[in-house]
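Here the structure comes first, spelled out in structure tokens, and everything after it is commentary.
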Amino acid sequence: MALRLFEHNEKAYRAAIRMMEQYGKAAIVHPTGTGKSYIAFKLIEDNPEKVVIWLSPSEYIFKTQLESLKRNDPEFPLENVHFYTYAKLMCCTQAQLGEIAAQKPAYIILDEFHRAGAECWGESTVALLKLCPDAKLLGLTATNIRYLDNNRDMAEELFDNRVASDMTLGEAVVRGILPAPKYVTTVYQYQKALAKYQARMDNLRTQGIQDVNQKYLDALRRALEQADGLDRVFAHHITNKSGKYIVFCANKEHMDEMVSHVPEWFAGVNPDVVVYEAYSDDPNTDKAFVDFKTDTSNRLKLLFCIDMLNEGVHVEGISGVILFRPTISPIIYKQQIGRALTAGDNTTPLILDVVNNFEGLTSISGLQSEMQEAVHRLYANGESDKIVTERFEVIEQVHDCRVLFERLQESLSSSWEHYFSEASIYYAEHGDLKVPKQYKTPAGLSLGVWLVTQRGVREGRVSGNLTEQQIARLDSIGMAWGNQKESAWQRGFEKAKKYHDTYGNLMVAGKYVDPDGYPLGKWLIKTRQQKLNGNLKEERIAQLDEIGMVWSVFDAKWEKAYALAAAYYEENGNLNIPRSYVTAAGERLGQWVASQQWAYPKGKLTDEQVERLNRIGMYWGNRNDRQWNEGYQEAKRYFDAHGDLNVPAEYVSPGGYNLGNWVKRQRYTRLNPDKGCGVLTPERIARLNAIGMQWDKPDPWQHRYKLAQKYKKAHGNLEIPAKYKTADGIWLSRWVYDQKRLLRDNSPKLSADQKQLLEELFDGAVMEKEPVAKAG
1 MALRLFEHNE KAYRAAIRMM EQYGKAAIVH PTGTGKSYIA FKLIEDNPEK
51 VVIWLSPSEY IFKTQLESLK RNDPEFPLEN VHFYTYAKLM CCTQAQLGEI
101 AAQKPAYIIL DEFHRAGAEC WGESTVALLK LCPDAKLLGL TATNIRYLDN
151 NRDMAEELFD NRVASDMTLG EAVVRGILPA PKYVTTVYQY QKALAKYQAR
201 MDNLRTQGIQ DVNQKYLDAL RRALEQADGL DRVFAHHITN KSGKYIVFCA
251 NKEHMDEMVS HVPEWFAGVN PDVVVYEAYS DDPNTDKAFV DFKTDTSNRL
301 KLLFCIDMLN EGVHVEGISG VILFRPTISP IIYKQQIGRA LTAGDNTTPL
351 ILDVVNNFEG LTSISGLQSE MQEAVHRLYA NGESDKIVTE RFEVIEQVHD
401 CRVLFERLQE SLSSSWEHYF SEASIYYAEH GDLKVPKQYK TPAGLSLGVW
451 LVTQRGVREG RVSGNLTEQQ IARLDSIGMA WGNQKESAWQ RGFEKAKKYH
501 DTYGNLMVAG KYVDPDGYPL GKWLIKTRQQ KLNGNLKEER IAQLDEIGMV
551 WSVFDAKWEK AYALAAAYYE ENGNLNIPRS YVTAAGERLG QWVASQQWAY
601 PKGKLTDEQV ERLNRIGMYW GNRNDRQWNE GYQEAKRYFD AHGDLNVPAE
651 YVSPGGYNLG NWVKRQRYTR LNPDKGCGVL TPERIARLNA IGMQWDKPDP
701 WQHRYKLAQK YKKAHGNLEI PAKYKTADGI WLSRWVYDQK RLLRDNSPKL
751 SADQKQLLEE LFDGAVMEKE PVAKAG
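Counting from 1, one number per residue, gives the positions in the sequence shown under the UniProt record's numbering.
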């Protein structure tokens with residue numbers, strides 16, 4: 001059964017084929033949700049006998065893409081498709097890259113190709129492309145710009161700007177390719193932002209300007225205090241009371257905080273809420289994700305996640321997304337919106353944009369501008385028949401707040417004269433106008449951006465007006481109008497040399513910014529990429545070699561980790577390091593040792609590296625032995641801390657290890673040797689006995705009863721909060737509620753002894769309300 005593409009993808013596919021025939025490469029930039037991956041699958045279907053290498057950020061993305069494909073065509077030809085992640089490619093030696101290239105691929109597909117701009121992934125990706133000069137290159141992404149990486153354009157770096165099809169998110173909505181959402185904006189935790197603007201106000205030098213801005217800020221504060229809370233916003237706008245919603249969080253700490261507010265924020269929507277959690281370090285994520293997708297109950301279903309669903313993965317039947325977001329890159333913002341938008345879906349998804357900063361309230365204006373541009377272009381090209389919608393519903397819960405904020409910003413954004421005054425102050429203090437682009441004055445003015453804009457206006461690259469008098473005034477304070485690329489390189493080299501002179505090396509973290517505010521880490525990453533692409537002059541390479549440039553960060557990082565492992569060996573006499581072990585300086589040494597043990601049997605280590613690791617006691621045992629020993633070390637730590645091995649089945653260690661499941665598996669293996677579930681040797685049994693292993697499964701009812709007794713003794717009552725959980729993860733309030741109900745109904749599920757014990761425990765107390773459910 002031949003794949004049938006949407007009209008927009010069919011057009012993009014034909015354009016990409018023509019471009020690859022002519023230039024050998026083509027990029028497709030289409031927004032999330034428009035079915036980009038099917039363009040690559042169509043290429044594979046039309047060339048079933050040719051070898052294809054598919055590169056992707058993660059196996060998870062590729063797996064879900066295949067699942068979607070197989071639902072449409074179970075017999076799809078994938079025999080000649082070889083999949084690799086960018087991370088796996090990074091771990092390959094030059095010889096192993098040669099083996100991949102020896103497959104002589106006719107096509108190489110770079111999925112989410114903007115990710116190949118990452119320093120650790122880009123090197124190996126470019127190296128593979130050089131080894132496959134005859135392979136045609138197809139790239140897919142929702143955005144080719146790396147906004148947080150000096151706005152690098154990966155379509156330019158990898159595809160020489162050969163873009164076969166470019167579509168914005170706004171255009172996809174205008175053309176009806178993606179459904180127009182109902183978009184609700186609101187704000188929370190705004191106190192920190194108010195404090196930041198108050199500090200800017202206090203730093204203003206002119207009393208009159210300060211008074212005007214203080215007036216706007218005070219009005220904004222009053223308007224925010226009068227705005228509805230999130231509970232009322234959610235209750236009003238989440239109309240599908242049993243729908244599925246993806247909730248995006250910034251990190252695990254942020255997620256935990258947001259989840260803790262579920263009862264108060266969502267009770268007005270549906271008191272029966274189930275929470276699923278998905279994040280890359282959680283071993284339960286796959287199960288939680290599957291459970292979320294298959295949940296057809298009448299509960300309100302919330303999937304809280306970090307990063308995992310930003311790109312490449314779609315979930316069917318989503319009612320909307322909730323963005324709990326600090327300021328993030330435009331890439332992630334659009335990817336998260338895209339989770340609610342799917343090509344071919346005619347429903348109106350809900351997007352709840354909950355920001356904790358005022359700047360975020362204006363994010364939607366970018367999407368609206370894209371829509372307006374798309375409408376104008378389609379009218380101009382005589383394609384008005386393609387316009388399905390020109391706008392969508394935007395509900396601003398804090399409209400007055402946004403208007404006041406924009407007035408405040410406008411007031412704070414001073415005129416040319418104010419910026420020139422700040423530039424003069426900078427010149428007086430530094431003797432030049434070599435201002436980093438990211439530099440802001442103490443009052444919060446983006447002076448670096450303003451100076452770049454002045455250069456762009458004079459060169460005609462940026463619209464605006466710059467008089468001869470203004471040019472002369474800028475000249476008088478040392479404005480440099482010349483070749484900015486040359487000046488920028490020289491400035492970066494000087495900063496690199498100064499760093500080397502101070503620290504004796506150039507092992508600079510990618511996020512490092514020097515004391516003057518210069519982003520040296522990013523400059524070094526960009527310079528390495530230029531050398532890898534053959535775009536760095538030989539004299540510049542020689543200059544950097546003289547000051548100790550590290551061209552391969554991967555090799556340098558291996559040496560650094562090896563030194564830490566050697567120090568651990570010297571101190572402990574072995575390398576039996578748990579996977580979760582982190583050094584005092586925060587280095588994940590346990591993970592590094594595990595990665596070496598994984599790489600060794602696959603031939604990914606050099607003979608020299610293997611020999612050096614042998615010298616410091618590296619254990620190369622089989623995978624099962626390593627995994628068992630890792631679990632045993634976690635169990636021993638639990639025993640040392642608690643004095644027993646009564647580990648609840650759901651217990652996960654502070655380091656993220658699922659110890660409860662491991663202990664359960666040992667008990668099952670010992671008691672069921674004939675089930676083919678493995679062998680527990682006498683030596684292992686003895687080691688477990690020594691740390692208090694109980695081979696008979698403990699009575700869970702008795703365990704929970706004792707916990708309830710303990711709580712009552714400590715608090716004088718059994719009024720347990722709905723969100724309360726014991727130290728070992730047991731939701732005690734739910735258990736107490738269930739026991740009261742069973743006791744009240746005289747349920748046969750309780751034995752006579754249990755009923756008597758419960759009578760003593762409850763003293764006639766009655767549970768009135770069922771708490772909110774949580775899973776995942």
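Every residue, glycine too, gets a C-beta built ideally from N, C-alpha and C.
Here the structure is a predicted model, which is why all the values come from computation and not from measurement.
Tell me, to the nearest whole angstrom, how far the beta carbon of Asn270 is from that of Ser242; I am working on the premise that it is less than 8 Å. That pair is a contact at about 7 Å.
Can you tell which of Ser58, Met19, Glu49 and Leu66 has the C-alpha that lies nearest to the C-alpha of Tyr38? Ranking Ser58, Met19, Glu49 and Leu66 by Cα distance to Tyr38 puts Leu66 first.
Rounded to the nearest angstrom, what separates Phe304 and Val262 at their Cα positions? Rounded to whole angstroms, the separation of the alpha carbons of Val262 and Phe304 is 11 Å.
Option in Arg222, Gln189, Ala235 and Ala563 with minimal Cα separation from Val355: Minimum Cα distance to Val355 is reached at Gln189.
Span of the alpha helix (DSSP H), counted from its first residue to its last, around His30: Judged by DSSP secondary structure, His30 falls outside any alpha helix (DSSP H); it is assigned neither H nor E.
Start-to-end residues for the beta strand (DSSP E) that takes in Lys244: Counted as a single uninterrupted DSSP element, the beta strand (DSSP E) harbouring Lys244 occupies residues Lys244 to Phe248.
Hey, how far is the Cα of Glu396 from the Cα of Asp231? Rounded to the nearest angstrom, the gap between the Cα atoms of Glu396 and Asp231 is 16 Å.
Residue of Ala488, Gly517, Thr527 and Gly548 minimising C-alpha distance to Leu506: Of the candidates Ala488, Gly517, Thr527 and Gly548, the one whose C-alpha sits nearest the C-alpha of Leu506 is Gly548.
Roughly how many angstroms separate the alpha carbons of Arg115 and Lys36, rounded to a whole number? Going by the C-alpha atoms only, they are around 16 Å apart.
Can you check whether the CB of Lys498 is closer than 8 Å to the CB of Phe32? For the record, residue 32 in the displayed sequence is Thr; it is not Phe. Contact flag unset, no.
Can you check DSSP and say which residues form a bridge with Leu300? Its beta-bridge partners are Val273.
Mind checking whether Gly117 and Arg162 have CB atoms under 8 Å apart? Cβ distance not < 8 Å, so Gly117 and Arg162 don't count as in contact.
Which partner residues of Leu323 appear in the DSSP bridge assignment? The partner list for Leu323 (beta bridge, DSSP) reads Phe248 and Asp353.
Output the boundary residues of the beta strand (DSSP E) element that contains Thr168. Note, Thr168: premise wrong, no beta strand (DSSP E); not H, not E.
Proximity to Glu75 [Cα-Cα], best of Ala2, Lys25 and Ser747: Its Cα nearest to that of Glu75, the residue Ala2 stands out among Ala2, Lys25 and Ser747.
With 16 other Cβ atoms within 10 Å as the buried cut-off, status of residue 779: Residue coverage of the chain in this structure runs from 1 to 776, which leaves residue 779 outside it and unanswerable.
Does the Cβ-Cβ distance between Phe159 and Ala15 come in under 8 Å? At the C-beta level, Phe159 and Ala15 stay beyond 8 Å of one another.
Would you call the CB atoms of Ile477 and Ala423 closer than 8 Å? Contact flag set, yes.
Evaluate Leu671 with the Cβ neighbour count: other Cβ atoms within 10 Å of its Cβ, from every protein chain shown; 16 or more gives buried, anything less gives exposed. Flag for Leu671 reads exposed.
Ends of the beta strand (DSSP E) at Phe83? For Phe83, the uninterrupted beta strand (DSSP E) segment begins and ends at Val81 to Thr85.
Quick check: Lys244 and Ile306, are their CB atoms within less than 8 Å of each other? At least 8 Å separates the beta-carbon of Lys244 from that of Ile306.
Run of the beta strand (DSSP E) containing Trp54, from where it starts to where it stops: From DSSP, the beta strand (DSSP E) with Trp54 extends over Val52 to Ser56.
How big is the Cα-Cα spacing for Glu760 and Asp753? Looking at the backbone, the Cα of Glu760 and that of Asp753 are separated by about 11 Å.
Member of Ser365, Val398 and Glu373 whose CA lies at the smallest distance from the CA of Ile387: Looking at the Cα atoms, Glu373 is the closest of the given residues.
Between the segment 520-539 and the segment 558-577, do at least 3 Cβ pairs fall closer than 8 Å? Not touching, per the Cβ criterion.
Identify the residues that DSSP records as bridge partners of Thr141: which are they? According to DSSP, which records beta bridges pairwise, Thr141 is partnered with Val29.
I need the straight-line Cα distance from Phe83 to Val29, nearest angstrom please. Near 21 Å, if we compare the C-alpha coordinates of Val29 and Phe83.
Proximity winner among Asp73, Val184 and Leu433, relative to Leu352 (alpha-carbon distances): Answer by Cα proximity: Val184.
How long is the line joining the alpha carbons of Glu383 and Arg377, rounded to whole angstroms? Rounded to whole angstroms, Glu383 to Arg377 spans 8 Å at the Cα level.
Going by CA-CA distance only, name the one from Glu7, Phe292 and Asp256 that's closest to Ile177. Considering only alpha carbons, the answer is Glu7.
Whole-angstrom Cβ separation of Thr85 and Ser68, contact assumed at under 8 Å? The pair is not a contact, with the Cβ atoms about 19 Å apart (cut-off 8 Å).
For Ile712, which residues in the same chain have their Cβ closer than 6 Å to its Cβ, ignoring the five residues on either side in sequence? Inspection of the sequence shows that residue 712 is occupied by Lys rather than by Ile. Excluding residues within five positions, the ones whose Cβ falls inside 6 Å are Leu718.
Are the beta-carbon atoms belonging to Ile691 and Ala635 less than 8 Å from one another? In this structure, Ile691 lies near Ala635, with their beta-carbon atoms less than 8 Å apart.
Option nearest Ala135 by Cα separation, candidates Gly24, Ala95 and Leu169: Cα-wise, what sits closest to Ala135 is Gly24.
Assess, as a yes-or-no matter, whether the segment 589-608 is touched by the segment 660-670 under the definition of 3 or more beta carbon pairs within less than 8 Å. By the Cβ criterion, the segment 660-670 is not in contact with the segment 589-608, since fewer than three pairs of Cβ atoms, one from each stretch, lie closer than 8 Å.
Terminal residues of the beta strand (DSSP E) in which Tyr107 lies: Segment Tyr107 to Asp111, the beta strand (DSSP E) holding Tyr107.
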